[in-house]
Every structure is written in structure tokens, then in C-alpha cells.
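All remarks here apply to the structure that follows.
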Amino acid sequence: MLPVCFLRPAIVAILLLAEAGCRTTGKQERHEASDMPNLQATAVEPKPEDYVQQATYLANPAAPPEAGTQNQEVVESTEELLPAEEDETDAELLRLPPSDPTASSVEIAEESPGAMDLELSAVVASVRSHFPLIQQAAAGRAIASGEILSANGAFDRKLEGFTESQPLDYYENYRHEIGLKRDTRWGGHTFAKYRNGRGVFEPWYQERATNKGGEFKAGFMAPVIRDRWIDANRAELWRAQLERRRLEPVVLQQVITSVRDGSVAYWNWVAAGANYRVMQGLLDLAIQRNEGLKVQVELQEKAPIDLVDNQRIIVSREAKLVGARRKLEQAAIKLSLFLRTDAGAPFLIDAQRLPAEFPVPSETADDHSLGSNQTSELLTDDVELALAQRPELSELQIIRQQINIAMRQACNEMRPDIDAGVLVGQDVGAPTSSKRDKSELELEALITLSVPLERRKARGKIRSLQGKLASISAKTRFTSDKIVADVRIARVALTAAGERVTKATESYSLADQMLEAERELFSVGQSTLFELNAREKQTAEAAVQRISAFFEYHVAKADYAAAMGFGAPLAEPVTPESVKEPLS
1 MLPVCFLRPA IVAILLLAEA GCRTTGKQER HEASDMPNLQ ATAVEPKPED
51 YVQQATYLAN PAAPPEAGTQ NQEVVESTEE LLPAEEDETD AELLRLPPSD
101 PTASSVEIAE ESPGAMDLEL SAVVASVRSH FPLIQQAAAG RAIASGEILS
151 ANGAFDRKLE GFTESQPLDY YENYRHEIGL KRDTRWGGHT FAKYRNGRGV
201 FEPWYQERAT NKGGEFKAGF MAPVIRDRWI DANRAELWRA QLERRRLEPV
251 VLQQVITSVR DGSVAYWNWV AAGANYRVMQ GLLDLAIQRN EGLKVQVELQ
301 EKAPIDLVDN QRIIVSREAK LVGARRKLEQ AAIKLSLFLR TDAGAPFLID
351 AQRLPAEFPV PSETADDHSL GSNQTSELLT DDVELALAQR PELSELQIIR
401 QQINIAMRQA CNEMRPDIDA GVLVGQDVGA PTSSKRDKSE LELEALITLS
451 VPLERRKARG KIRSLQGKLA SISAKTRFTS DKIVADVRIA RVALTAAGER
501 VTKATESYSL ADQMLEAERE LFSVGQSTLF ELNAREKQTA EAAVQRISAF
551 FEYHVAKADY AAAMGFGAPL AEPVTPESVK EPLS
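Printed below as a string of C-alpha cells:
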């Protein structure tokens, strides 16, 4: 019989060894990994070249195991993946993807008079910081983090105990027990407990009796085949961690979409303001001409009907100005959904903060100025960069990993459930039996076996998951094709929009020259008010077409940035030279 002073350190040592099993057992069993079945026969894996992962943004050293990897690699990644705790602060959960480092933080001035012109960078900064749809997507991190914490709860220590009294019986006895139990991260469980059994026990329940000091007992159970590499607890934890990681491309996609929509709303507001200025200019011309016509009619240089016709023109242009003002106010209201104060409330921008004019595209940004070989190279680089930047493929890849985890667990359920364990116990105190049969150190080794026969549940899961993998593979192929098409469409639209800006600007310049010539003819009496009004209409239409071309160009540039997977609009389209440099 071992002294009591040696018993407690021995029990503690057993618990520590069992708790460290996720490291020692895993390293010892790596050489046996080749004997484990490989899931490549059941999992439909895409080739690595089928699509390019989104770089760095979703990088995480603790990647969950792929279904098609060898089991040795699974053990290594399991050790990295299962942290002791998963606790994120609210600030980390609600953070947004990194913004363009070149973009400055622009505050929104509350006062309109004398305020600086509103720039696109201020709208983008407001969208990234305060847009509710982005915050809604980012809030999903807290949900996923809670699921990770809940999944970690499967490995919590459990305090178990009971007390049983039998005071009114021929066999009068009392039993009490308390202990700790914990499921380990390598599939088994450890336990340690103390029990005390006093009184007279039935002959067939003599094992319930203990010495007067009670009995200390500790041990562990470890899986041999089933649940060795994966079990329900670890599968759920891996799924939750992957779900947390899946939300990052979801948030990034929402940022890309919201920034694109905010950019379009901004340029729509700028275009509405420019159209309003054109209508206001037309009205001012008619009003100024009306004063001169009054003098000329009094001097009988012009017929009174010309003055009436000019009054008609003024009223008509006032009506058009009302329509332009309505569109400007509506555009400002729509922009306020994206332009928000620090408190997150929509900010209705004043028309005085309209930019004086549209930014003029640089000549180097026009694709039609490039040769055919350069254009082809540009499209190829665009596609490669978009496949690396767009978050949809990253999300689909993570969903595939989640399905692969479920596939591994389903295949695990096909295996026989064989567990092995060791139990050690020692009674302390004065013996309660003259035979002293409770005083010796007790050591037990046991093996349990449970073999599924039909295994229909596991086979059904495998069949269902194979269908899901095939579905994800098809969706991944289509998503890749759609990204390529989106990039090509955006590039074509941007090129055409740049050409239209050039032509519309030239058309406006020619119309303005014709208007100046018509004014000179009208001033010397060689033209009529009808002809002058027609020239003014043509010039106004050319100005509106030029504004429309600028609006279309900047919208095409926003679409191009979204198609490329950027979370902020680009100052200029990507060129073959700029693609060679890493883009942040």
C-alpha cells in the first residue's frame, strides 16, 4: 500500500499528463497517419489554379484542416487551430477592412456658407465609418465570435457529484461523491473524483464501500480509431472558427458595394448641380436679354412680339429650372444616406458645397490611346488582379472548408468506436473490512468497443456533403467566370465613357462657338430671336450631354473599382505599369 503523501501527487501527475495528450499523443500518432483513410476519394476538390485566393486580407496562421489533406497535416493544424480561449473585444469585432492609405480623413463641415467643396474622399470616408449596412455586416463578427466561445464550452471542466442515503433499510448505508471531468481536445476525457461509502452494503454492492477516509480516483479515456483525429466537439469548433473567418470577405464585399453606391450617389449629386447651373445660366441669358429688348422695342428697333417671345422663353426656362432644382434636392437626399455625421445621422449637404466642375480625366487614362497589345495585356492583368482581390472566391473557399470539416466528421462516424483508458484509485483512512481489501492501490486498464453496422446515418451525410461540394465547385467556376466578365464589361464601359467625354467636350466647344457667332449676328440685326433661342438650346443640350458624359465616366470608374475588388474608388484606372506594383 502506498502512503497517502505519495497518492495525491500521483493523481495530479496523471491529470497533467492526460491534459497534455493533445500534444504528446498527436506527435506519437503522426507516423500512423498513413493508415487512416484519405477523404480525397469522397471530397470534390478544385485545382489550385481554378481560382486565386484573396491575398493577405484573410491570412490566418491557424487554418482549419482541408478534407483532402493527409491526416498527419490534420494533426498539426489541429494543434494550431484549437486555442485555449477565443475572446475578442467589441472594437475588434466591429472594425472595418483597411482603407486606402492615400485617402485622407475628411470631416463634414456642419455650416454650408463658406465651406469647402465636398470631395468624393469625404463621402467614401463617411461610408466606411458610418454606413449602416457595413456596420450590419461587421456586427456579424460578434455573432460568430459568440459561436466560437460556445463551441469552446464543450471543453469546459464539469463539476459532478451526488449523495445517496439509505437510512431506513436492512442495509443502512450512505454514499457521497464529487469530482471533475473534462473532455479533451484530442477526443478523450479525463476525470478525478473523491467518494465515500459508509454503512452496511448489499453483498452484490460491496464495491460501494470505502475506507473511513474515502477513496481518491483518477483516470482518462482516449479514442483509438473513431474520434482520434476529429470528433463532434472539434468539428463544431472548427466550423465556428471558419464561420468567423467567412465574415471577413462578407464585410469586404459590403464595403465594396457601399463605396460604389456612395460614389454613384455623389456623382449624381454633382451632375444634378451642374445641370442646375446650366439651366440657371440659360434663364439668366433670357432675363438679361429681356432688358435690352425692352429698350429696343421702345426705340422701335425690335418688334413687340420679340419681347413677348422672350417672356415665353423666360417662363419656359424657369419651369426647367424648377425641374433641375427638384433633381438636385432629390440627389442631395439620396447622397445623405451615404454622407453622415459623426453620430451616424444622414447629413443633407448644401448646394453651395458643389464642386465647380467635374474632374477632367487624364489623357493617359483613356484605353483608346493604347495599342491593341497593351490593351490586351491590360485586360489580362485586370482579370488576374480581380481574381486575387474579389472577396467572393475567398468566401466560397471557406464554405468549402466548412463542408470538408463536416465530411471528415461523417467519415469519422463510419469507423468503429474503440476507446482505451487507465484508472487509478486509492482508499485512505482506517480500513472498514477485516480483509483490508480496500487498502491496496487500485489500477485498471479498460477497452470499450462499439461498431456501427448499417452505418446509414454516416453514409447519408457523406452523400449529402458530396452533393454540396459539387454545388460549391460549380458555383466557384461560375463566380470566377462572372468576375472575368465583370472586369471586361467595366473596362469596356470605362474606355467608351472616356471616348464619350472627349467627343461631348468637343461638341460643347463647337456649340459654344456657334452661339457666340449667333449672338453677334443678333446684335447687328442679322439674326432673329428664334434662331438665337435655338442656338442657346443647342448649346445647353451640348452642355447637358457633356455633363452626362462626365457622370457616365465617373460611374464607370466606380464600377471598375468595384469589379476589381477595391474598397475605395481609384484616382485613375490601373495601367500595365501600375499593376506590377502591389496595390493596398
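Sequential numbering of the sequence shown, starting at 1, is according to UniProt numbering.
Note that CB positions come from ideal geometry on N, CA and C, so glycine has one too.
The model shown is predicted, which means the values in this text are computed figures rather than measured ones.
Original post:
Going along the chain, which unbroken runs of the beta strand (DSSP E) with 3 or more residues stay wholly within the stretch 379–451?
Top reply: 417–427 and 442–450
**OP:** With DSSP as the reference, please indicate the residues paired to Asp-183 in a beta bridge.
**Re:** Position 183 of the sequence shown, counting from 1, holds the residue named residue 183. His-189.
Original post:
Taking DSSP as the reference, what is the three-state secondary structure of Glu-177?
Top reply: Taking the sequence shown and counting its residues from 1, one reaches residue 177 at position 177. Residue state for Glu-177 is assigned as strand, using DSSP reduced to three classes.
**OP:** Run the CB neighbour count on Ala-272, radius 10 Å, all protein chains shown included, and call it buried at 16 or more, exposed below.
**Re:** Counted from its first residue, the sequence shown places residue 272 at position 272. Burial call: buried.
**OP:** Return the chain-ordered list of same chain residues with a C-beta closer than 8 Å to the C-beta of Ile-134, the five sequence neighbours on each side being excluded.
**Re:** To locate residue 134, count along the sequence shown from 1; it is residue 134. Cβ within range, chain order: Leu-96, Val-127, Arg-128, Val-251, Gln-254, Val-255 and Ser-258.
Subject >> For Glu-395 and Ser-336, the rounded distance between their alpha carbons >> reply: Residue numbering aside, residue 336 sits at position 336 when the sequence shown is read from its first letter. Residue numbering aside, residue 395 sits at position 395 when the sequence shown is read from its first letter. Looking at the two C-alpha atoms, the distance is approximately 31 Å.
**OP:** Measure the C-alpha to C-alpha separation of Glu-172 and Leu-423 and round it to an integer number of angstroms.
**Re:** Residue numbering aside, residue 172 sits at position 172 when the sequence shown is read from its first letter. Residue numbering aside, residue 423 sits at position 423 when the sequence shown is read from its first letter. Each residue's alpha carbon lies about 29 Å from the other.
Subject >> Own chain, CB closer than 7 Å to His-130, minus 5 neighbours either side, in chain order >> reply: Along the sequence shown, read from residue 1 onward, the residue named residue 130 stands at position 130. Excluding residues up to 5 positions away in sequence, Arg-340 and Gly-344 lie with their Cβ nearer than 7 Å to the Cβ of His-130 in the same chain.
Original post:
Taking DSSP as the reference, what is the three-state secondary structure of Ser-145?
Top reply: Here residue 145 refers to the residue found at position 145 when the sequence shown is read from its first residue. Helix, per DSSP.
Subject >> Reduced DSSP category for Thr-257 - H, G, I as helix; E, B as strand; rest coil >> reply: One-based indexing of the sequence shown puts residue 257 at position 257. Three-state DSSP puts Thr-257 in a helix.
**OP:** Determine, using beta carbons only, whether Leu-283 and Arg-260 come nearer to each other than 8 Å.
**Re:** Taking the sequence shown and counting its residues from 1, one reaches residue 283 at position 283. Taking the sequence shown and counting its residues from 1, one reaches residue 260 at position 260. In this structure, Arg-260 does not lie closer than 8 Å to Leu-283 by Cβ.
Original post:
Skipping 5 residues on each side, what residues in its chain have a beta carbon closer than 6 Å to that of Met-414?
Top reply: Within the sequence shown, numbered from 1, the residue matching residue 414 stands at position 414. Residues of the same chain with a CB within less than 6 Å of the CB of Met-414, apart from the 5 flanking positions on each side, are Arg-455 and Ala-458 in chain order.
**OP:** Return the residue from the list Val-123, Asp-227 and Gln-330 that minimises the CA-CA distance to Thr-184.
**Re:** Start at 1 with the first residue of the sequence shown, and residue 184 comes out as number 184. Measuring from the Cα of Thr-184, the nearest candidate turns out to be Asp-227.
Original post:
Looking only at its own chain, which residues have a Cβ that is under 7 Å from the Cβ of His-176, when we skip the five neighbours before and after it?
Top reply: Looking up residue 176 in the sequence shown gives position 176. Contacts found: Thr-163, Arg-195 and Asn-196.
**OP:** Using the Cα positions of Thr-380 and Val-484, report the straight-line distance between them to the nearest angstrom.
**Re:** Taking the first residue of the sequence shown as position 1, residue 380 is located at position 380. Taking the first residue of the sequence shown as position 1, residue 484 is located at position 484. In a straight line, the C-alpha of Thr-380 is about 9 Å away from that of Val-484.
Subject >> Three-pair Cβ contact test at 8 Å for the stretch 522–540 versus the stretch 392–410 >> reply: No, the stretch 522–540 is not in contact with the stretch 392–410.
Original post:
Do the CB positions of Ala-331 and Trp-269 come within less than 8 Å of each other?
Top reply: Position 331 of the sequence shown, counting from 1, holds the residue named residue 331. Position 269 of the sequence shown, counting from 1, holds the residue named residue 269. Against a cut-off of 8 Å, the Cβ pair of Trp-269 and Ala-331 comes out as a contact.
**OP:** Take Ala-562 and list the residues in its own chain whose beta-carbon comes closer than 6 Å to its own, dropping the five residues that flank it on each side.
**Re:** For the purposes of this step, residue 562 is identified with residue 562 of the sequence shown, where counting begins at 1. If we look at Ala-562 and ignore the five residues flanking it on each side, its Cβ neighbours are Ile-256 and Arg-260.
Subject >> Where Phe-162 falls: helix, strand or coil (DSSP) >> reply: Taking the first residue of the sequence shown as position 1, residue 162 is located at position 162. In this structure, Phe-162 counts as strand in the three-state DSSP scheme.
Subject >> Assigned secondary structure, Lys-217 (DSSP; H/G/I helix, E/B strand, else coil) >> reply: Residue numbering aside, residue 217 sits at position 217 when the sequence shown is read from its first letter. It is a strand residue.
**OP:** In the DSSP assignment, find the unbroken alpha helix (DSSP H) run with Glu-541 in it and report its ends.
**Re:** As a position in the sequence shown, residue 541 is number 541, starting the count at 1. Element bounds for Glu-541: 529–564.
**OP:** Decide if Leu-463 is buried, meaning its Cβ has at least 16 other Cβ atoms within 10 Å, or exposed.
**Re:** Residue numbering aside, residue 463 sits at position 463 when the sequence shown is read from its first letter. Strictly speaking, residue 463 in this sequence is Arg, with Leu absent from that position. Answer is exposed; the Cβ neighbour count stays below 16.
Original post:
To which residues of the same chain is Lys-334 closer than 6 Å at the C-beta, ignoring the five residues directly before and after it?
Top reply: Within the sequence shown, the letter at position 334 stands for residue 334. These residues qualify, in order along the chain: Ala-265.
**OP:** Name the two residues that bound the continuous alpha helix (DSSP H) containing Gln-330.
**Re:** What you label residue 330 is simply residue 330 of the sequence shown in a count that begins at 1. That run of the alpha helix (DSSP H) goes 304–336.
Original post:
Can you list, in chain order, the residues of its chain whose CB lies under 7 Å from that of Ser-507, leaving out five sequence neighbours each side?
Top reply: The sequence position of residue 507 within the sequence shown is 507, counting from 1. Cβ neighbours of Ser-507 beyond the five flanking positions: Ala-542 and Gln-545.
Subject >> Range covered by the alpha helix (DSSP H) that runs through Met-514 >> reply: For the purposes of this step, residue 514 is identified with residue 514 of the sequence shown, where counting begins at 1. Note, Met-514: alpha helix (DSSP H), 456–523.
Original post:
Nearest-angstrom Cα distance between Ile-489 and Val-383?
Top reply: Counting from one through the sequence shown, the residue named residue 489 turns up at place 489. Counting from one through the sequence shown, the residue named residue 383 turns up at place 383. In a straight line, the C-alpha of Ile-489 is about 11 Å away from that of Val-383.
**OP:** Go ahead and pull the three-state DSSP assignment for Arg-244.
**Re:** For the purposes of this step, residue 244 is identified with residue 244 of the sequence shown, where counting begins at 1. Arg-244 falls in the helix class under three-state DSSP.
Original post:
How is Arg-289 classed by DSSP in three states: helix, strand or coil?
Top reply: Residue mapping note: residue 289 aligns to position 289 of the sequence shown, counting from 1. Look at Arg-289 here: in three-state DSSP terms it is helix.
Original post:
How about Arg-289: is its C-beta nearer than 8 Å to some C-beta of chain B?
Top reply: The chain inventory of the structure shown lacks chain B, comprising one protein chain alone.
Original post:
So what's Ala-356 in DSSP terms, helix, strand or just coil?
Top reply: Here residue 356 corresponds to residue number 356 of the sequence shown, with the count starting at 1. Three-state result, Ala-356: coil.
**OP:** Can you check DSSP and say which residues form a bridge with Pro-249?
**Re:** Against the sequence shown, residue 249 aligns to sequence position 249. Per DSSP, none; premise fails for Pro-249.
Original post:
Do the CB positions of Asn-211 and Thr-432 come within less than 8 Å of each other?
Top reply: Walking along the sequence shown from the start, residue 211 turns up at place 211. Walking along the sequence shown from the start, residue 432 turns up at place 432. Yes, these two residues count as a Cβ contact at 8 Å.
**OP:** With a threshold of 16 other CB atoms inside 10 Å of the CB of Ile-472, please say whether the residue is buried or exposed.
**Re:** Taking the sequence shown and counting its residues from 1, the one referred to as residue 472 is at position 472. Buried, since its Cβ has 16 or more Cβ neighbours within 10 Å.
Subject >> Closer than 7 Å: Ser-527 CB and nearest the ligand GTP heavy atom >> reply: Annotation note on the ligand GTP: not contained in the displayed structure, which lists no ligands.
Original post:
In whole angstroms, what separates the C-alpha of Thr-528 from that of Leu-299?
Top reply: Taking the sequence shown and counting its residues from 1, the one referred to as residue 528 is at position 528. Taking the sequence shown and counting its residues from 1, the one referred to as residue 299 is at position 299. Cα to Cα, Thr-528 sits roughly 17 Å from Leu-299.
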